[in-house]
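Q: Per the UniProt record's numbering, the very first residue in the sequence shown carries number 1; after that it's consecutive.
Sharing a structure below in structure tokens format, with a few things to ask.
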Amino acid sequence: MFRPIKSPKRLAEKTQMATAKTLQPIMFSSFLGHKSIQSTQPLLHRFRIDLGRRHVSMKLSRTFSGLTNLFFNRRNEDEVIDGKRKRLKPGNVSPRRPVPAHITKPPYVESFTVPGISSGLQIHDDKKGIESMRASGRLAARVREYAGTLVKPGVTTDEIDEAVHNMIIENGAYPSPLGYGGFPKSVCTSVNECICHGIPDSRPLEDGDIINIDVTVYLNGYHGDTSATFFCGDVDEKAKKLVQVTKESLDKAISICGPGVDYKKIGKTIHDHADKHKYGVVRQFVGHGIGRVFHADPVVLHFRNNEAGRMVLNQTFTIEPMLTIGSIKPVMWDDNWTVVTEDASLSAQFEHTILITKDGAEILTNC
């Protein structure tokens with residue numbers, strides 16, 4: 001559910017990011033009326049990539065985040081989008097849920113520090129490592145699908161978080177997002193225009209919403225990471241098509257994976273499919289290596305790029321494209337986590353953890 005970066009020397013936080021010399025840093029802007037307020041610093045977030053600086057950071061500065069909230073979010077609190085749905089706004093966040101002492105926790109939880117991105121690929125040369133990844137992937141998939149059954153009008157995202165939290169610990173695992181860099185919940189719930197990292201809160205889901213539920217579990221020392229976008233009630237055809245095409249883009253990307261394949265083919269495959277349907281591809285958030293650590297090499301870009309690197313037998317990583325109907329520019333809320341589209345257009349995401357095999361790629365996060 002989170003993203004990647006390169007190595008501790010070149011990147012600094014929870015995302016596995018790539019090093020693209022030809023790409024410029026992505027700048028953050030918000031709008032007040034017809035005026036644009038633009039920062040000279042990149043949009044900094046835990047799972048976000050700053051290609052120009054070869055650096056990843058988890059937090060947006062509090063000052064600039066506050067400006068975003070003041071000039072962008074509050075201005076549009078009651079704005080109606082597409083003549084029906086209201087612009088998303090924050091609800092109340094409940095206290096952090098406890099985890100029993102016997103559940104093994106990732107090192108970043110006990111240390112109370114923000115983890116860096118681990119350098120080196122997550123390669124599993126022994127049968128135990130591969131089977132452990134399969135087990136964590138299966139559990140993550142089961143939790144994801146269970147969470148999807150809870151998506152109904154009137155259900156709050158906090159209620160979904162509570163159910164996910166309980167299911168994970170009942171299966172002897174730890175919810176990887178909880179406590180990661182201060183993230184307060186056990187799952188990410190991203191509704192409508194939320195691109196990613198939505199914090200579960202008191203907002204009830206409404207008829208016609210779409211919601212991405214991003215689940216990561218830490219089971220027996222291995223992380224499994226997956227997400228899917230679900231329909232709430234009667235969803236219109238425009239939203240359904242976006243979700244369908246986003247899922248197709250992930251499936252097509254996985255289908256080209258295998259030993260020796262260039263990582264950049266993933267981005268081209270996704271971008272080509274999105275272009276065919278006239279959707280935007282969000283660039284700031286990426287896939288990542290995963291295994292004993294939450295985020296590691298490689299950086300998996302979802303858009304066309306010229307990055308070097310090839311897939312290796314027995315490695316595990318995520319692919320997690322985010323497509324939008326409108327703007328691909330992200331705006332971060334004042335909570336320093338929630339990222340929404342600049343124009344409040346819908347966004348959808350799907351994610352799988354995959355294992356590179358001699359025959360191609362095995363999806364580990366299938367039920």
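Every residue gets a Cβ at the ideal spot worked out from N, C-alpha and C, and that includes glycine.
Computed from a predicted model, the values in this text were never measured in an experiment.
DSSP on L23, reduced to helix/strand/coil?
A: Only weak support is given to the placement of L23: the predicted model assigns it a pLDDT of 24, under 50, and the value that follows is read from those uncertain coordinates. Residue state, collapsed to three classes: coil.
Q: Return the chain-ordered list of same chain residues with a C-beta closer than 7 angstroms to the C-beta of V93, the five sequence neighbours on each side being excluded.
A: Answer for V93: P184, I199 and D201, listed in chain order.
Q: Where do the N-terminal and C-terminal ends of the alpha helix (DSSP H) with S132 fall, by residue?
A: Unbroken alpha helix (DSSP H) run through S132: K127 to T149.
Q: Could you give the C-beta distance for H223 and S176, rounded to a whole number, given that I count them as a contact under 8 angstroms?
A: Yes, H223 and S176 are in contact; Cβ-Cβ is about 5 angstroms, under 8 angstroms.
Q: For Q244, which of helix, strand or coil comes out of DSSP?
A: Looking at Q244 - three-state DSSP - the assignment turns out to be helix.
Q: Buried or exposed: E362, going by 16 or more other Cβ atoms within 10 Å of its Cβ?
A: With 16 or more other Cβ atoms within 10 Å, it is buried.
Q: How would you write the range of the alpha helix (DSSP H) that S111 sits in, first residue to last?
A: Taken as a continuous stretch (DSSP letters only), the alpha helix (DSSP H) holding S111 covers P107 to S111.
Q: Does the contact criterion of 3 or more C-beta pairs under 8 angstroms hold for the region 270-277 versus the region 235-251?
A: As far as the Cβ criterion goes, the region 270-277 touches the region 235-251, which means the pair count is three or higher.
Q: Taking the alpha-carbon positions, what's the residue 404 to E79 distance?
A: With the chain covering only 1 through 367, there is no way to say anything about residue 404.
Q: Return helix, strand or coil for A101, following the three-state DSSP convention.
A: Correct three-state label for A101: coil.
Q: For the region 322-336 and the region 143-151, state whether three or more C-beta atom pairs, one from each stretch, are separated by less than 8 angstroms.
A: Short answer: they don't touch.
Q: Taking the alpha carbon of T318 as the reference point, which residue from S345, Q349 and R304 has its own alpha carbon closest?
A: Closest by alpha carbon: Q349.
Q: Measuring only the C-alpha atoms, how far is S61 from D209?
A: With a pLDDT of only 33 at S61, under the threshold of 50, the placement of this residue in the model should not be trusted; the figure read from the coordinates follows. Between S61 and D209, the C-alpha separation is close to 30 angstroms.
Q: Excluding sequence positions up to five away, which residues of its chain have a Cβ less than 7 angstroms from the Cβ of R134?
A: Closer than 7 angstroms at Cβ, skipping near neighbours: L364.
Q: With 16 other CB atoms within 10 Å as the buried threshold, where does C367 fall?
A: That one is exposed.
Q: Look at residue 368 and L139 and say whether their C-beta atoms are less than 7 angstroms apart.
A: Since the first residue of the chain shown is 1 and the last is 367, residue 368 is not available in this structure.
Q: For the putative contact between L313 and I356, defined by C-beta atoms under 8 angstroms, what is the C-beta separation to the nearest angstrom?
A: 6 angstroms between Cβ atoms; contact.
Q: Based on the DSSP output, what are the partners of Y174 in its beta bridges?
A: DSSP output for Y174 lists Y218 as bridge partner(s).
Q: Among E351, I328, G360 and M332, which has the Cα closest to the Cα of S345?
A: When each option's Cα is compared against that of S345, the closest is I328.
Q: Whose CA, out of F112, V286, F230 and I130, lies closest to the CA of I160?
A: Of the candidates F112, V286, F230 and I130, the one whose C-alpha sits nearest the C-alpha of I160 is F230.
Q: At least one CB of chain C closer than 7 angstroms to the CB of S176: is that the case?
A: The chain labelled as chain C is not found in the depicted structure, where only one protein chain is given.
Q: From the DSSP output, in three-state form, read off A253 for me.
A: It is helical.
Q: Is D335 helix, strand or coil by DSSP?
A: It is coil, neither helix nor strand.
Q: For my contact list, G260 and L205 are in at a C-beta cut-off of 8 angstroms; report their separation, rounded to the angstrom.
A: With 8 angstroms as the limit, G260 and L205 do not qualify as a contact, their Cβ atoms being about 44 angstroms apart.
Q: Figure out for me which residue from N166, P115 and I325 has the closest Cα to the Cα of V217.
A: Selected option, being the one with the closest Cα: N166.
Q: When you compare only the Cα positions, how much space is there between K268 and R203?
A: Each residue's Cα considered, the two are about 37 angstroms apart.
Q: Using a Cβ distance threshold of 8 angstroms, determine whether the region 119-130 contacts the region 279-296, with at least three qualifying pairs required.
A: Yes: at least three Cβ pairs fall under 8 angstroms.
Q: Go ahead and pull the three-state DSSP assignment for H223.
A: H223: strand per DSSP, three-state reduction.
Q: Compare the beta carbon distance of N192 and L88 with 7 angstroms and say whether it is the shorter of the two.
A: Yes; because the gap between Cβ atoms is below 7 angstroms, this pair is in contact.
Q: Under a three-way DSSP split, which group does T353 fall into?
A: Reduced to three states, the DSSP call for T353 is strand.
Q: Should L88 be counted as a contact of the ligand MG given a C-beta to heavy atom distance under 6 angstroms?
A: Ligands in the displayed structure: none, and consequently the ligand MG is not present.
Q: Which of the three DSSP states, helix, strand or coil, is assigned to residue 420?
A: This structure gives no information on residue 420, because the portion of the chain shown stretches from 1 to 367.
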